[in-house]
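As C-alpha cells, the structure follows; a few thoughts come after it.
2 protein chains.
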Amino acid sequence: MTERADCRASTVSYAAGMLREQLLSPTPVDLRAFLMRALRPRDCLVQVGGLAEVSYHGRAASTAEVGSYLVMIKRDGSLQIHTPKGVKPMNWQPKTDEITAVLEEEQCVLLASRRSPVELVRVTFLEVQMAQALELNEEAGFLLTGSEAQMQETLAAHPELIEPGLRVLNRELLVESGGIDLYAQDAQGRFVVVELKRGRATQDAVSQLGRYVASVQRVVGTGVVRGILAAPSITGPARKELEGRGLEFVEVNALPLVEKRTSQPSLF
Amino acid sequence: MTERADCRASTVSYAAGMLREQLLSPTPVDLRAFLMRALRPRDCLVQVGGLAEVSYHGRAASTAEVGSYLVMIKRDGSLQIHTPKGVKPMNWQPKTDEITAVLEEEQCVLLASRRSPVELVRVTFLEVQMAQALELNEEAGFLLTGSEAQMQETLAAHPELIEPGLRVLNRELLVESGGIDLYAQDAQGRFVVVELKRGRATQDAVSQLGRYVASVQRVVGTGVVRGILAAPSITGPARKELEGRGLEFVEVNALPLVEKRTSQPSLF
DNA sequence: AACTAGATTTCGGAG
DNA sequence: CTCCGAAGTCTAGTT
Chain A
82 MTERADCRAS
92 TVSYAAGMLR
102 EQLLSPTPVD
112 LRAFLMRALR
122 PRDCLVQVGG
132 LAEVSYHGRA
142 ASTAEVGSYL
152 VMIKRDGSLQ
162 IHTPKGVKPM
172 NWQPKTDEIT
182 AVLEEEQCVL
192 LASRRSPVEL
202 VRVTFLEVQM
212 AQALELNEEA
222 GFLLTGSEAQ
232 MQETLAAHPE
242 LIEPGLRVLN
252 RELLVESGGI
262 DLYAQDAQGR
272 FVVVELKRGR
282 ATQDAVSQLG
292 RYVASVQRVV
302 GTGVVRGILA
312 APSITGPARK
322 ELEGRGLEFV
332 EVNALPLVEK
342 RTSQPSLF
Chain B
82 MTERADCRAS
92 TVSYAAGMLR
102 EQLLSPTPVD
112 LRAFLMRALR
122 PRDCLVQVGG
132 LAEVSYHGRA
142 ASTAEVGSYL
152 VMIKRDGSLQ
162 IHTPKGVKPM
172 NWQPKTDEIT
182 AVLEEEQCVL
192 LASRRSPVEL
202 VRVTFLEVQM
212 AQALELNEEA
222 GFLLTGSEAQ
232 MQETLAAHPE
242 LIEPGLRVLN
252 RELLVESGGI
262 DLYAQDAQGR
272 FVVVELKRGR
282 ATQDAVSQLG
292 RYVASVQRVV
302 GTGVVRGILA
312 APSITGPARK
322 ELEGRGLEFV
332 EVNALPLVEK
342 RTSQPSLF
C-alpha cells in the first residue's frame, strides 16, 4: 500500500533513451495532463494500462465493460486497445482526426474521433496502473518476400513454370470486372487468363477467375479463352467448382524454397 | 549518462498492481533471464522496447533492419512487433507453440515458433531500453452491435423487410458451397436464397450468392430458385453482374436504430 | 471518392 | 484437421 502511494508520485524522465516518461498509478488529473503533454507533439508512442471502460460508435458500435486494457497511441494518431489475448486489438482506430483527454466526473476520458467515416472511440480510465511515453524513432528498412506480387514477377519472367509454350501478354490487365494477374497466350495461340494465389486457392479465387474469363470472352468473341488458377494448392470444393466451369488448376509455389543453412546448427 | 547507468540496475516489483516488473536498459544476460521468468507462467503481458533486428520465416518471409521496435507478447502466446506507425504490427504471430530467449553472440535473441503452419519469428535485441511485465487480468464482457449476424437475426424475425410475403425456412443453411444466410420461400412458393452484407455489396458477394443459388438449384431440380442480395448498398459493377445473372438486390439497413441518449449531452 | 484485390490477413464456427 | 466466411477488417493501387 505504501509502495503504491509512493508510486503515485513517481515519474521517470530521460533526455535521451526510449522511455521518455512514465507514471505509475497516476490520478485522473495527472493522467490527463500527461496525455495532453505526451500526445501533443505526436513524436512518441503512448501507452496507458489499467482498468477502463471502452465504447465505440461508427461503422458499428461496441461496448466493453470495465476490465484491464492496454491502450496504445502511435505517432501517426492510430489507436489500439488490447486485451490480454490475441493479436487483434479489441478496439482500434487506424487514423484519428482528433484525439483528446478530458476530465469527466472525476475520471480521465480519452476521446479519439474521426470523420469519414464518422467514428468515435471513448476510453474511460477508472484505475490506471501505468502510463508511459516511448521514443520509438529509428525507422528501418523492411523487406517481405513471398507476396503474390513477387510470385507474379517470377511467373511473368518464367511462364514455362505454368505451362510450356506460354507467352505472357500483360500483367495486371484491367478488364471491366477487375485486374487480371497474367494475361497470356498458349502454344496453340489461345488466350489464357491466369489468376495467382500465394496460398491455398478457394472458391472465391475460382469465382474471380471465372469473372475475368467471362470479361475477356466478351471482348475476344468467338475464340476459346482458357482460365488457369495457379496456386500452391486448392481446396476440394474449389477444385470441383473449377472443373465444373471448365477452368484449370496449376500447382506453383509462392516461396522459392528456403535454402538450408549449413553454417549454423538448427535451434529446433 | 549516470542516469542510464543507474537505470541498468533498477527493477520495480510489486506483489499487487499492474506493473509486475520492469527493467531499464538491461544487459543481454539480464534481459534473457527476465524474459524466461516473465514468459514462463504465461500470466502476464510482456513488452520489450529498443533497438532490434527482426526476421520472419513461414507463410512468407521478411527481414527488418536494425530499428526501434516494441515487442508485445500476450498471455496466450501471441506475439506482435510494432513500429511507430499503424495499427498493424510489422511482424506478428497469432499463436506460438514455443517461445524462448537465448543468448547468441552476446545478444539476447527471442525465438517464437509455431507448427502448422511452420513459422518462426526471430528478434535479436541489440540495445534494449525497456522491458516490462504487465498484469492485465481483468477480462470483461464485450458487445458488438451492427454485425452481419445481428442483421440476420433481425431479418429472420422480420423477413417482410426484404419482401412482403417472404417466409424464412432456414438460417445458415449449409449447402455444398457454403452457408446460406437466409433460405426462404416467397409468396408464390418459389425458393429464395438471401445473402446478407452489412456494408456495400461487391462482386464477390454476387459470386457467393450465385454459388449458393446454383447449389440449391442442383438440389431442387426444375423449380425456379431466386437469389436476393440484401445490403445497405451495392457497387456499380456488382449490380451489373447481378442483373446479368438474373439475381436481385434489396436495400436493407445494417444498423437498426441507435437509441438517442437523452440523459447526457452529446460531446460532439 | 469509388472500386478492386491482397493479406504472414485474424478469428470463429461447423463438419 | 479442413473449409468457409465475416470483419468496425486494413492497406495499397487505380480510375
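First to last, the sequence lines map onto chains A and B. Each residue of the first sequence is one higher than the one before, counting from 82 in my numbering. Each residue of the second sequence is one higher than the one before, counting from 82 in my numbering. Each residue gets a CB set at the ideal place from its N, CA and C atoms; glycine is no exception.
- DSSP places B/R299 inside the alpha helix (DSSP H), whose first and last residues are Q284 to V301.
- Of all residues in the segment 130 to 153 of chain A, only G130, G131, L132, H138, R140, A141, A142, S143, T144, A145, E146, V147, G148, S149, Y150, L151 and M153 come within less than 8 Å of chain B when Cβ atoms are compared, listed by chain position.
- Collapsing the DSSP output to three states places A/R113 in a helix.
- DSSP links B/T181 through a beta bridge to B/L192.
- Cα atoms of B/P107 and B/V209: separation of roughly 7 Å, rounded to the nearest angstrom.
- Within the segment 221 to 252 of chain B, contact with chain A at the beta-carbon level (separation under 8 Å) is assigned to A221, G222, F223, L224, L225, T226, G227 and S228.
- Comparing alpha carbon positions, the residue from B/Q128, B/M117 and B/P122 closest to B/L105 is B/Q128.
- Of the residues assessed, B/R195 falls on the buried side of the cut-off, its CB having 16 or more other CB atoms within 10 angstroms.
- If you draw a straight line from the Cα of B/P165 to the Cα of B/F206, it comes to about 17 Å.
- For B/K278, not one C-beta of chain A is nearer than 8 Å to its own C-beta.
- A/L310 and A/I261 have their C-alpha atoms spaced approximately 11 Å apart.
- Contact annotation for A/P122 against chain B: no contact, minimum CB-CB distance about 13 Å [criterion: below 7 Å].
- For a Cβ distance threshold of 8 Å, residue set G130, G131, S149, Q210 and M211 of chain A lies close to B/M99, ordered along the chain.
- At a cut-off of 8 Å between beta carbons, B/V202 makes no contact with chain A.
- Taken atom to atom, the span from the alpha-carbon of A/S159 to that of B/Q103 is near 26 Å.
- In this structure, the alpha-carbon of A/L151 lies about 39 Å from that of B/E332.
- Residues of chain A whose Cβ lies closer than 8 Å to the Cβ of B/G167 are, in chain order, K155, D157, S159 and P175.
- With distances taken between CA atoms, B/L184 lies nearest to B/M117 out of B/G167, B/M117 and B/P240.
- Any Cβ of chain A closer than 8 Å to the Cβ of B/T164 would place that residue at the interface, and such an atom is present.
- Residue state for B/Q269 is assigned as coil, using DSSP reduced to three classes.
- B/H239 counts as exposed, since fewer than 16 other C-beta atoms from the protein chains shown sit within 10 angstroms of its C-beta.
- Taking CB atoms only, A/R307 has no neighbour in chain B less than 8 Å away.
- Sixteen is the threshold: when 16 or more other Cβ atoms of the shown chains lie within 10 Å of the Cβ of B/Q233, as they do, the residue is buried.
- Close to B/S314, with beta-carbon spacing below 8 Å, lies no residue of chain A; the smallest spacing is near 13 Å.
- A/G308 is not a Cβ neighbour of A/V256, given a cutoff of 8 Å.
- Around the beta carbon of B/G148, 16 or more other beta carbons lie within 10 angstroms, which makes this residue buried.
- Contact annotation for A/L105 against chain B: L100 [CB-CB distance below 7 Å, chain order].
- Sixteen is the threshold: when 16 or more other Cβ atoms of the shown chains lie within 10 Å of the Cβ of B/S288, as they do, the residue is buried.
- Using a Cβ-Cβ cut-off of 8 Å, B/R292 is close to Q284, S288 and E322 of chain A, given in chain order.
- In the structure shown, the three-state DSSP call for B/E216 is coil.
- Using a CB distance below 7 Å, the part of the segment 325 to 337 of chain A facing chain B consists of L336, ordered along the chain.
- Take the alpha-carbon of A/A312 and the one of B/Q284: they are about 22 Å apart.
- Interface flag for B/P109 against chain A is unset, since no Cβ pair is found closer than 8 Å.
- Following the DSSP letters along the chain, one finds A/E102 in no alpha helix (DSSP H) but inside the beta strand (DSSP E) bounded by residues L100 to L105.
- Along the length of the segment 228 to 261 of chain B, whole alpha helix (DSSP H) runs at least 4 residues long occupy 229 to 238, reported in chain order.
- The criterion of a C-beta distance shorter than 8 Å is not satisfied by A/L336 and A/F330.
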